[in-house]
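First up is the structure itself, then whatever we jot down about it.
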Amino acid sequence: MDDFTLRVFHKISQLKSFSKVADELYITQSAVSRQIKNLEDKLVVKLCLREKEGISLTEEGKILLGYVEKILVLYEKARKDIDHFRHTSLNKIIVGASTALGEYVLPRIISSFNKRHPEADIYLRVANTGEILKQLTANAFNLALVEGMFDTPGFIVEKVFEDELVLIVSANHSWTEKNR
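Last residue of the sequence shown: number 188 in the numbering used here, and the count goes up by one each step with no gaps.
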């Protein structure tokens with residue numbers, strides 16, 4: 009039994025006509041008949057009676073209708089909940105970052121990413137490396153970006169880039185004479 013078959017049966021209970029159901033669902037009348045026949049075969053009962061006024065449900069059909077209505081409501085609720093979950097959790101990214109990265113590097117990267125992926129909701133939480141790792145262990149983030157060395161047990165670490173540090177002195181500083 010699939011949801012489409014149940015929807016066809018439900019529509020028949022409402023419209024009391026195979027042809028009206030076919031028109032409303034954009035299928036042929038024979039497809040409606042086939043859906044009902046398959047359902048009757050699976051349940052080994054007659055569900056519908058053809059009468060002058062249209063289609064009516066047998067007693068077994070009325071019993072099934074009560075369940076079908078509940079199933080369709082639950083199915084629709086499940087679909088909405090799954091869609092909501094997919095859109096909120098897949099598009100919500102919580103990033104933890106150590107102070108230097110979170111304040112100076114990531115804002116531009118996140119801004120660029122958001123322009124390409126406007127459906128993404130990125131939340132940036134900035135703290136020192138120790139605090140970020142502690143919160144990552146507690147699943148407060150989807151991922152974290154930190155600089156520096158730290159113990160890696162319990163983490164999957166991927167080097168993203170290397171930072172080059174340079175020493176700068178004034179051209180008038182005494183150290184400039186040593187290298188000339």
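Glycine included, C-beta positions come from ideal geometry on N, C-alpha and C.
- Bounds of any beta strand (DSSP E) do not take in L173, whose DSSP letter is neither H nor E.
- DSSP links K100 through a beta bridge to D129.
- Under DSSP, G62 forms a beta bridge with E59.
- DSSP, reduced to helix, strand and coil, places A39 within a helical segment of the structure shown.
- Taking the CA atoms as reference points, I140 sits about 12 Å from G156.
- In this structure, K100 lies near Y131, with their beta-carbon atoms less than 9 Å apart.
- The stretch 60 to 72 makes no contact with the stretch 100 to 112, as fewer than three CB pairs between them are under 8 Å.
- Restricting attention to V53, F93 and A135, the CA atom closest to the CA of E67 is found in V53.
- If you ignore the 5 residues before and after L33, its C-beta comes within less than 8 Å of the C-beta of R15, V16, K19 and V40, all in its own chain and listed in chain order.
- The Cβ neighbour count for V76, taken over all protein chains shown within 10 Å, is at least 16; the residue is labelled buried.
- Within its own chain, the residues whose Cβ lies closer than 7 Å to the Cβ of E48, once the five positions on either side in sequence are excluded, are K54 and L55, listed in chain order.
- Cα atoms of F121 and N136: separation of roughly 24 Å, rounded to the nearest angstrom.
- Within the model, the alpha-carbon separation for S106 versus A152 is close to 8 Å.
- Note on G138: under 16 other CB atoms within 10 angstroms of its CB, so exposed under the neighbour-count rule.
- S106 is bridged by DSSP to A135.
- The C-beta distance from G104 to F149 rounds to 4 Å, short enough to meet the 8 Å contact threshold.
- Within a 10 Å sphere around the beta-carbon of L57 sit fewer than 16 other beta-carbons, which makes this residue exposed.
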